[in-house]
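What follows is one structure encoded as structure tokens, with my remarks underneath.
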Amino acid sequence: MKPTDISSPVAYATVPTPLTRFWRTFAPYQLLRFCVINVKMLRLIFKSHAPPPDTLPQKPRQ
Amino acid sequence: MAKTVILGAGIAGHTAATLLRKKVGHSHEIVVISPEPEWNWIPSNIWVGVGSMERREVVFPLAPVYARQGIEFRQGRATVIRPEGTEELPRPHVEYTASGAATEAPPGRETYDYLINATGPKLNFGATPGLGPHGGHSWSVCTADHAVEAARAFRASIDRMKRGENQTLVIGMGHGTCTCEGAAFEYVFNVEHELRRHKVRERARIIFLTNENELGDFGMGGLHLKRGGYVTPSRLFAESLFVERGVEWINRAHVQQVSAGRLAYETVEGLEREIAFDFAMLLPPFRGVGLAAVNRAGTDIAAQLFAPNGFMRVDADYTERPFEEWSPRDWPATYQNPTYANVFAAGIAFAPPHAVSRPLRSPKGTLVAPAVPRTGMTAGIMGRTVAFSIADRIRHGGESPLHRAPFATMGAACVASAGKGLLSGTAATITLYPLVPDYEHYEFGRDLAYTTGEIGLAGHWLKHLLHHMFIYKAKCLPFWSLIPE
Ligand SMILES: Cc1cc2nc3c(=O)[nH]c(=O)nc-3n(C[C@H](O)[C@H](O)[C@H](O)COP(=O)(O)OP(=O)(O)OC[C@H]3O[C@@H](n4cnc5c(N)ncnc54)[C@H](O)[C@@H]3O)c2cc1C
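Protein chains in written order, with our numbering: chain Y, 1 to 62; chain F, 1001 to 1485.
Here's what the structure looks like:
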């Protein structure tokens, strides 16, 4: 798909640079990201199990 | 001794059964009724559906696990709930028909003190003429068997490309009201990955056909991500991936009909088009599995227990309101049925009060409205919450307060991972919190600290880890309960 047709959304899509693509498959960096994503997931899971009271939806509306 | 009956041994039902057993010990009875003899880690069906994983790697037999846990297993399909019993059997009970090897067995019934409906969805292929693998013209990956069939057809397509033919592959949603767009999103990138692996990518035109308002909507109204000093909509993230992988897309579409090698669709903008295809994997819309409900007097009370889409009513606010008035407060927290306090619904089986994405209509009036995704994580948390509520009521009396896990404030994680090799795969990982946008607390509806998206090998490793971890947990192997839902 070439971004030549200006009526197509392809022309307006963001495209990763070669460096971005490199980081995506560079194993040592990805190992670090793996740890970061795991921490993020765990935080998400704990937040889902016990949301902080200030973000709890109020009582169902009557 | 209290008796709990659980309908369905999917993610929600199985989580509820095993955690309830752990909580109440062996002096109380737990019965699971489910039609399939195996447990299926559905998210990995995606890999089965492209032939990069075997069916046996995503399923295992339930009976030995339940035998070890002291849970009774009836291989059958629940048909009728009688929450007040009958004149002849005055206790609340469920009727079911035997399935699998026991099909010849007479219909059974199980009385209960507590009932959990975790029957998941009916895969409603019938909503679109010609949709689906059972007499239709498209494939599915919703069950392990569907995925095996899809992989076979996909492989045939690859073989034709290897012989020099060009192929059009259409992947996406088979109806305007489908949900689970994340699964189709993951499948399309697995297909693309496999085509490159087989060195036939240039012979394939891949089209993603979706009912989402925009790519990256996922039935959750999209999300916003912090990237490069900006807050950007997930549409940019998703479109970038599609462009990078050369996958075309058609959004805001409702599939009208699928016939042999052709499908007709209509868009919100009013376009009516046809696509010729060689291979199509289109997910069906979901509805409730069609349980009947009857009271003591023999009156049909299905409308009291179930919403019109067949899912079970729980503690949500079902008042019809325009999109602008939808609120996180409409969503349930205890999953208890408002009519019968000893009946709960967990996972996909509960009736959502409305969608999350804005519903749209075509000029002809066709509804194009992605339904809210109820992911594995939310199904697990609901199963756990309901199990804990019932355990408390069994141990401390029927008035014990119910546990709460508001659906609106759950998070969601979508790891769309392609490829099997440790270094050759890649994944798009998206996390978001909360699932239902909350504009009272967050400017963009979601907490930007928890709402993230990235592409890389790391997500791919995570998806493999989740595959092994959740199957380990479901098999109730040592320390299984330490693994969170
Ligand atoms: C292809 C695909 C990929 C997915 N990928 C992901 C992912 O990556 N991450 C994620 O979080 N979620 C994912 N999901 C969603 C996830 O699979 C569901 O959220 C989850 O399975 C819902 O669990 P459940 O227990 O509600 O329903 P199910 O898992 O569908 O279980 C329902 C159970 O009820 C049984 N049943 C049906 N009818 C009856 C009856 N009449 N009586 C008794 N039992 C009955 C069924 O046989 C089944 O055992 C994916 C879904 C699909 C289809």
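All residues carry an ideal CB built from backbone N, CA and C; glycine is no exception. Since this is a predicted model, take the numbers as computed values, not measurements.
8 Å contact criterion, which residue i and residue j should meet: CB distance rounded
i               : j               : result
T1179 (chain F) : G1219 (chain F) : 5 Å
L1263 (chain F) : V1415 (chain F) : The Cβ separation is near 29 Å, so there is no contact.
A1204 (chain F) : M1173 (chain F) : Not confirmed; about 20 Å, so no contact.
H1193 (chain F) : A1418 (chain F) : 4 Å
P1328 (chain F) : D1438 (chain F) : 5 Å
V1343 (chain F) : L1115 (chain F) : 5 Å
G1380 (chain F) : E1485 (chain F) : 3 Å
S1240 (chain F) : P16 (chain Y)   : 7 Å
T1378 (chain F) : M1410 (chain F) : 5 Å
S1362 (chain F) : P1370 (chain F) : Not a contact, Cβ separation roughly 14 Å.
Short CB-CB distance (under 7 Å) between residue i and chain Y
i               : result
Y1433 (chain F) : yes
G1411 (chain F) : yes
L1511 (chain F) : Nothing can be reported for residue 1511 (chain F): it is not among the residues displayed for chain F, which extend from 1001 to 1485.
G1456 (chain F) : yes
E1214 (chain F) : no
I1207 (chain F) : no
I1381 (chain F) : yes
L1462 (chain F) : yes
T1429 (chain F) : yes
P1338 (chain F) : no
V1065 (chain F) : no
V1356 (chain F) : no
S1493 (chain F) : For residue 1493 (chain F) there is no data in the structure shown, the boundaries of chain F being 1001 and 1485.
S1417 (chain F) : no
E1239 (chain F) : yes
Where the alpha helix (DSSP H) containing residue i begins and where it ends
i               : result
V39 (chain Y)   : A27 to H49
H1224 (chain F) : Segment H1224 to R1227 is the beta strand (DSSP E) holding H1224 (chain F); no alpha helix (DSSP H) there.
F1185 (chain F) : E1181 to R1197
Q1069 (chain F) : L1062 to Q1069
A1387 (chain F) : G1376 to H1396
R1313 (chain F) : R1313 (chain F) -> no alpha helix (DSSP H), and no H or E assigned at all.
W1047 (chain F) : N1045 to V1048
T1205 (chain F) : Note on identity: in this sequence residue 1205 (chain F) is Arg, with Thr being the wrong assignment. Element bounds for R1205 (chain F): not the alpha helix (DSSP H) but the beta strand (DSSP E), A1204 to L1209.
A1127 (chain F) : Neither: A1127 (chain F) is in no alpha helix (DSSP H) and is coded neither H nor E.
A1345 (chain F) : No alpha helix (DSSP H) holds A1345 (chain F); the beta strand (DSSP E) holding it covers V1343 to A1345.
L1215 (chain F) : Neither: L1215 (chain F) is in no alpha helix (DSSP H) and is coded neither H nor E.
A1303 (chain F) : A1302 to L1305
Bridge-paired residues (DSSP) for residue i
i               : result
R1235 (chain F) : DSSP lists no partner for R1235 (chain F).
R1074 (chain F) : F:I1033
C1414 (chain F) : F:I1430
M1173 (chain F) : F:L1283
E1149 (chain F) : Per DSSP, none; premise fails for E1149 (chain F).
A1276 (chain F) : F:R1262
I1081 (chain F) : F:V1094 and F:A1293
A1474 (chain F) : The partner list for A1474 (chain F) (beta bridge, DSSP) is empty, contrary to what the question assumes.
V957 (chain F)  : With chain F running from 1001 to 1485 in the structure shown, residue 957 (chain F) is simply not present.
Residue-level contact to chain F via CB, residue i, 7 Å cutoff
i             : result
A11 (chain Y) : no
T25 (chain Y) : yes
F34 (chain Y) : yes
T14 (chain Y) : yes
Limits of the beta strand (DSSP E) - the one that residue i falls within
i               : result
V1141 (chain F) : From DSSP, V1141 (chain F) is part of no beta strand (DSSP E); its letter is neither H nor E.
G1453 (chain F) : T1452 to G1456
L1115 (chain F) : Y1114 to N1117
V1372 (chain F) : Segment: none, V1372 (chain F) is in no beta strand (DSSP E) and carries neither H nor E.
H1014 (chain F) : That residue, H1014 (chain F), is in no beta strand (DSSP E); its alpha helix (DSSP H) goes I1011 to V1024.
L1007 (chain F) : K1003 to L1007
Whether residue i touches residue j by CB criterion (7 Å)
i               : j               : result
I1348 (chain F) : R1374 (chain F) : yes
S1044 (chain F) : G1008 (chain F) : no
F1470 (chain F) : W1041 (chain F) : yes
A1017 (chain F) : I1071 (chain F) : yes
A1316 (chain F) : P1338 (chain F) : no
V1255 (chain F) : H1175 (chain F) : yes
Residue i: contacting residues in chain C (beta-carbon distance under 8 Å)
i               : result
M1377 (chain F) : Checking the listed chains, one finds no chain C in this structure; the protein chains it contains are Y and F.
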